[in-house]
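For the sequence shown, my numbering begins at 3 and goes up steadily by one. Heads up, the beta-carbon is just placed ideally off N, CA and C, and yes, glycines get one too. Small disclaimer: the values here were computed from a predicted structure and weren't measured. The structure under discussion appears below in the form of structure tokens.
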Amino acid sequence: MDWIVYQRDDCHLCDQALAVLAQAGWPEFDSVFIDEDAALEARYGLQVPVLQHRRSGRVLAWPFDAVTARAFLQDVA
3 MDWIVYQRDD
13 CHLCDQALAV
23 LAQAGWPEFD
33 SVFIDEDAAL
43 EARYGLQVPV
53 LQHRRSGRVL
63 AWPFDAVTAR
73 AFLQDVA
């Protein structure tokens, strides 16, 4: 898959982001939970949820809405 969503367990903002991505008709993605990974925690700890395009490395950090997510998808694709 081309997309990763970095998130935490029991994260209401992460739940909101997943709902926004569903509303935007987002393609499939891998969910990566940062709670148990010190490197990811250091990198994304205060920014989650974070959407990342795997090949380019570009990220879209929360907050975002469906329009912003779609624009990011078109810009990266």
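| Asked | Found |
| --- | --- |
| N-terminal and C-terminal residue of the beta strand (DSSP E) that Q54 is part of | V52 to H55 |
| Contacting residues, own chain, Cβ-Cβ under 8 Å from I67 (five flanking each side not counted) | Before going further, note that residue 67 is Asp rather than Ile in the sequence given. Result list for D67: V22, in chain order. |
| Beta-carbon gap between A63 and V52 smaller than 8 Å | yes |
| Unbroken beta strand (DSSP E) run spanning L62, endpoints | V61 to A63 |
| Member of L15, G47, D39 and D32 whose CA lies at the smallest distance from the CA of R56 | D32 |
| Nearest-angstrom Cα separation, counted from D4 out to A71 | 15 Å |
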